[in-house]
Amino acid sequence: MRALFFLVAFIAMIVFSAPVWASLPYYNADMGYTIWLPKSWTEATPDSLDAFERTCGTSPVQGAAPDWRAGYVDPHGGRACRLLVEVKPGRRMLDADISNFNRFLVRSLTRSLRERVRLPGDPVTVFKGADYFPDKKTLRIETEVAGNGTTVVSLAYIVYTRKGMLAFTAFVDPADREARQTVDKAVLSLYLDDRLRY
């Protein structure tokens, strides 16, 4: 009976660790998280983060100039950074506070996109949807930005922590379902340090 238990445990270990073998963990000690990304991805250099910050402008979710603290590059993505990270300091929020904040954030975003005055040639941002993952304390907001003959999907994730939030933003091609799934999987499998984890 004991041998059967160890056999089942060994098989489960192999099955559940297979996705990890296909990816690499990136630990960010300053921000307190570990993220698993495909082996081909690399960490962005500070210069590439600064360059992307200058060209990106404001984030459709936060509405202010970003302060990227980390980024990850997909060499096959055709963009300087595929996934960017900001720290939003604050406090630990109760579940009711998170729910209210999520509603407020989504309502504010949809209202600002609807009421925004655009000049000819300005990019057009369309709200595509929002999902909250209570077990991960993560809000995912999807928008589509079209301008200058190109369209890009912006995936914004708000990860609630004991000390505020981590804001992840990814930019993917609308037709690239694999990239969207890769980013979703990476952010939703995020592991927070004890000092940040609920």
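According to full-length UniProt numbering, the stretch in the sequence shown is residues 1 to 198, in order.
Where a beta carbon is used, it is the ideal one built from N, C-alpha and C, also for glycine.
Note that the structure is predicted; figures quoted are calculated from it, not measured.
- Between TYR26 and TYR191, the gap from beta carbon to beta carbon reaches 8 angstroms or more.
- Annotation: the region 78-140 contains the following complete segments of the beta strand (DSSP E) (minimum length 3 residues), in chain order: 83-89, 124-133.
- Secondary structure of SER23 (DSSP, three-state): strand.
- With fewer than 16 other beta carbons inside 10 angstroms of its own, ALA65 counts as exposed.
- The residues TRP36, in chain order, have a CB closer than 7 angstroms to that of SER189 in the same chain once the five nearest residues on each side in sequence are set aside.
- At least 8 angstroms separates the beta-carbon of TYR160 from that of PHE168.
- Closest by C-alpha distance to PHE101, out of VAL85, ASP135, GLY164, is GLY164.
- In this structure PHE133 is not in contact with LEU109, their Cβ atoms being roughly 18 angstroms apart against a cut-off of 8 angstroms.
- For THR169, the uninterrupted beta strand (DSSP E) segment begins and ends at 164-172.
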